[in-house]
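Asks: Each residue of the sequence shown is one higher than the last, beginning at 1 in the UniProt record's numbering. Using N, Cα and C, we set each Cβ at its ideal position, and we do this for glycine too. Keep in mind that this is a model prediction, so the values were computed, not measured.
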Amino acid sequence: MVTSRSADECVVALMDQWYLNYGEPEWKKQTEGLLANMNTYTLETRHAFQKTLDWLNHDSTVYMSYYTVAQLLHASTATNPAPRHHPEQMTDEIWEYVFCNGPFPSPSPLPKEKADALKHEYSYFYPFDIRSSAKDLVPNHLTFALYNHVALFPEDKWPLSMRTNGHLMLNGKKMSKSTGNSLTLRESIEKFGADATRLSLADAGDGLEDANFEEKTANANILRLHTLLDWCKEQVTDQAKLRTGPRTFHDDVFENEVNDLINFTQSHYDATNYKDALKYGFYELQSARDWYREVTAESGMHKDLEPKSIQCARWPTPEKPVDQTIIEAGQYMRGTVKTIRDAETTLLKMMQKAAKGKKVLQENAFDPKKPKSVRVYVAKEFPEWQNRVMPFIQAFKKRMAQYGAQTAFRRTLPFSEIHVLNELSTYLKKSLNLVDAEVMSVDEAHAHEGEAGYTKSIIDTSEPGAPAFEYRNV
1 MVTSRSADEC
11 VVALMDQWYL
21 NYGEPEWKKQ
31 TEGLLANMNT
41 YTLETRHAFQ
51 KTLDWLNHDS
61 TVYMSYYTVA
71 QLLHASTATN
81 PAPRHHPEQM
91 TDEIWEYVFC
101 NGPFPSPSPL
111 PKEKADALKH
121 EYSYFYPFDI
131 RSSAKDLVPN
141 HLTFALYNHV
151 ALFPEDKWPL
161 SMRTNGHLML
171 NGKKMSKSTG
181 NSLTLRESIE
191 KFGADATRLS
201 LADAGDGLED
211 ANFEEKTANA
221 NILRLHTLLD
231 WCKEQVTDQA
241 KLRTGPRTFH
251 DDVFENEVND
261 LINFTQSHYD
271 ATNYKDALKY
281 GFYELQSARD
291 WYREVTAESG
301 MHKDLEPKSI
311 QCARWPTPEK
321 PVDQTIIEAG
331 QYMRGTVKTI
341 RDAETTLLKM
351 MQKAAKGKKV
361 LQENAFDPKK
371 PKSVRVYVAK
381 EFPEWQNRVM
391 PFIQAFKKRM
401 AQYGAQTAFR
411 RTLPFSEIHV
421 LNELSTYLKK
431 SLNLVDAEVM
441 SVDEAHAHEG
451 EAGYTKSIID
461 TSEPGAPAFE
471 YRNV
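1. Around the C-beta of F415, are 16 or more other C-beta atoms found within 10 angstroms, so that it is buried, or is it exposed?
2. How is the beta strand (DSSP E) around Y147 delimited, first residue to last?
3. Grab me the residues of E257's own chain with a C-beta within less than 7 Å of its C-beta, minus the 5 sequence neighbours each way, in chain order.
4. Bridge partners for L168 per DSSP, in chain order?
5. If we ignore side chains and look at the alpha-carbon of each, how far apart do R163 and D270 end up?
6. Tell whether a beta-carbon distance below 8 Å holds between Y332 and V420.
7. In whole angstroms, what separates the C-alpha of D443 from that of I459?
8. Residues in the same chain with beta-carbon distance under 6 Å from E96, minus the five sequence neighbours each way, listed in chain order, please.
9. Can you find the residues in the same chain that come closer than 6 Å, C-beta to C-beta, to P307, ignoring five residues on each side of it along the sequence?
10. If we require 4 or more residues per run, which alpha helix (DSSP H) segments fall completely within the segment 7-64?
11. Three or more beta-carbon pairs under 8 Å between the segment 162-177 and the segment 36-54, yes or no?
12. Is the Cβ-Cβ distance between E93 and P111 less than 8 Å?
13. Suppose you measure from the CA of L428 to the CA of D342; what does that come to, to the nearest Å?
14. Thinking C-alpha only, which one of Q89, E9, P25, K119 is nearest V69?
15. Is DSSP giving A271 helix, strand or coil here?
16. For T317 and Q266, I'd like the C-alpha separation in whole angstroms.
17. Please say whether A355 and P464 have beta carbons closer to each other than 8 Å?
18. Would you mind sorting Y126 into buried or exposed? The rule is 16 or more other CB atoms within 10 Å of its CB.
19. Looking only at C-alpha atoms, which of R198, K338, I130 sits nearest to Y41?
20. For the segment 280-345, which segments carrying the alpha helix (DSSP H) assignment without a break, of at least 4 residues, lie completely within its bounds, in sequence order?
21. Tell me, please, which residues DSSP counts as bridged to M162.
22. With the cut-off set at 8 Å, would you say V474 and P321 are in Cβ contact?
23. Measuring CB to CB, does G172 end up less than 8 Å from N212?
24. Could you tell me which residues DSSP puts in a beta bridge with T3?
25. DSSP three-state call for D203: helix, strand or coil?
26. In terms of residue numbering, what span does the beta strand (DSSP E) encompassing N473 cover?
27. How is D436 classed by DSSP in three states: helix, strand or coil?
28. Near Y292, which residues of its chain fall below 7 Å by C-beta distance, leaving aside the five closest residues on each side in sequence?
29. Mind pulling the beta strand (DSSP E) runs of 3 or more residues that sit fully within the segment 88-141?
30. Would you identify the three-state DSSP class for E463, choosing helix, strand or coil?
31. Relative to the alpha-carbon of N219, which residue among F128, I189, A277 has its alpha-carbon at the smallest distance?
32. Taking the alpha-carbon positions, what's the P368 to K241 distance?
33. Please name the residue in E298, Q352, Q311 whose C-alpha comes closest to that of K430.
34. Cβ of L225 within 8 Å of Cβ of D195?
35. What did DSSP end up calling S176 once you bin it into helix, strand or coil?
Encoded structure:
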């Protein structure tokens with residue numbers, strides 16, 4: 001006798017029984033064919049199945065097919081108060097008819113219309129699209145399922161995919177009722193709400209590593225969701241204040257970024273990478289919204305791009321292909337603003353350090369605290385010094401970090417930097433508290449060499465995709 005975790009007594013008896021020979025060569029070959037065509041989502045899962053097929057010997061698993069008809073066989077207080085079928089009616093011949101397109105038996109213990117109802121349910125849900133289970137079941141349970149589906153079902157009913165995952169930790173520690181570190185799904189919903197729980201579970205992690213549900217994250221998600229909901233309500237209320245008419249460059253950037261994020265999110269949903277789906281479909285989508293809201297603060301957001309009700313909406317599908325040139329232009333804008341803002345912060349720190357050390361600054365040194373303007377120098381070609389190897393590698397690494405590999409490897413940009421920066425100048429002046437923001441080519445700047453506010457050493461550092469800039473007091 002064995003006592004289970006639920007304190008129930010389990011009586012185990014040794015009896016004569018049949019075993020299935022999973023090592024049989026032809027059966028194994030067919031199962032390997034199933035695996036080759038099945039989506040496992042990760043290479044680790046595929047390799048685990050392959051290793052298991054090399055040594056597995058005995059067991060049995062096909063209950064997934066039973067799931068499809070169970071609701072018609074068992075009593076349910078909600079939808080089916082009494083069972084519609086009796087166990088003695090479900091003979092081998094009936095199961096053969098339902099699952100394997102066998103002949104309908106005559107005489108039959110079950111009316112044909114009831115057998116057809118079972119067959120309809122099975123045919124609708126099979127083959128199953130995905131089986132999601134724990135990684136420790138690959139060496140036994142899940143591999144048995146592959147073997148048995150090959151043995152019992154036609155190929156068009158074989159599993160389409162299996163996804164495995166690790167276990168779930170709570171606040172970075174293993175769940176354990178004995179230590180009090182446990183949280184059920186119902187408790188989480190009662191504590192944080194369904195939406196915050198969903199976000200936190202998605203953020204907990206994917207793949208075969210153990211996921212980690214953080215209660216701090218769940219609490220923070222409550223605020224995130226309320227903030228987002230309040231903003232959506234404001235947009236619905238203030239529709240009349242939104243801009244109409246011709247679209248601007250910033251409108252096009254935002255629309256393409258939203259469509260690009262939709263595509264990224266969809267691809268990660270398809271791959272069951274829910275943490276990345278959350279990243280692109282929730283966090284980065286709001287970041288794109290925030291940038292668009294800031295950069296159009298004076299003119300306002302366009303009404304065509306306002307949030308729409310999703311109450312009856314399906315998953316959004318972009319109406320036209322994403323323009324990657326516009327996507328790169330948007331990344332370029334944000335990167336340039338950050339670089340200019342960081343440079344001013346560095347200057348302020350240098351001034352504070354100099355003041356503490358009682359160093360005297362140059363008479364005409366730039367003072368970020370006084371009224372200021374900035375000139376941005378745009379280069380069409382890389383400077384001559386980049387023909388030297390080490391400086392080029394250092395600059396290239398910087399470009400990789402700022403703009404990504406695709407833009408960094410390209411020696412010319414697919415958009416006009418001067419045009420993009422001119423579109424950005426209004427936002428630059430407002431966000432950096434500038435009197436003016438002037439954009440010019442390196443050639444134009446060299447024509448002013450010797451004049452105040454045009455420093456050759458700064459101008460010469462400009463390169464395609466990484467403009468140089470120079471502050472001056474006015």
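Replies: Concretely, from the data shown:
1. exposed
2. Looking at the DSSP string, Y147 is not in any beta strand (DSSP E); the run it does join, the alpha helix (DSSP H), is 143-152.
3. A288, I327, G330
4. A211
5. 12 Å
6. Taking 8 Å as the Cβ cut-off, Y332 and V420 qualify as a contacting pair.
7. 9 Å
8. Answer for E96: G102, listed in chain order.
9. C232, Q235
10. 25-37, 43-53
11. yes
12. no
13. 13 Å
14. K119
15. coil
16. 10 Å
17. no
18. buried
19. Looking only at R198, K338, I130, the smallest Cα-Cα distance to Y41 is reached by I130.
20. 284-295
21. M162 is bridged to R131.
22. Against a cut-off of 8 Å, the Cβ pair of P321 and V474 comes out as no contact.
23. yes
24. E9
25. helix
26. 468-473
27. In the structure shown, D436 falls within a strand segment according to DSSP collapsed to helix, strand and coil.
28. Excluding positions up to five away in sequence, the list reads H250, F254, M301.
29. 131-134
30. Correct three-state label for E463: strand.
31. I189
32. 36 Å
33. E298
34. yes
35. strand
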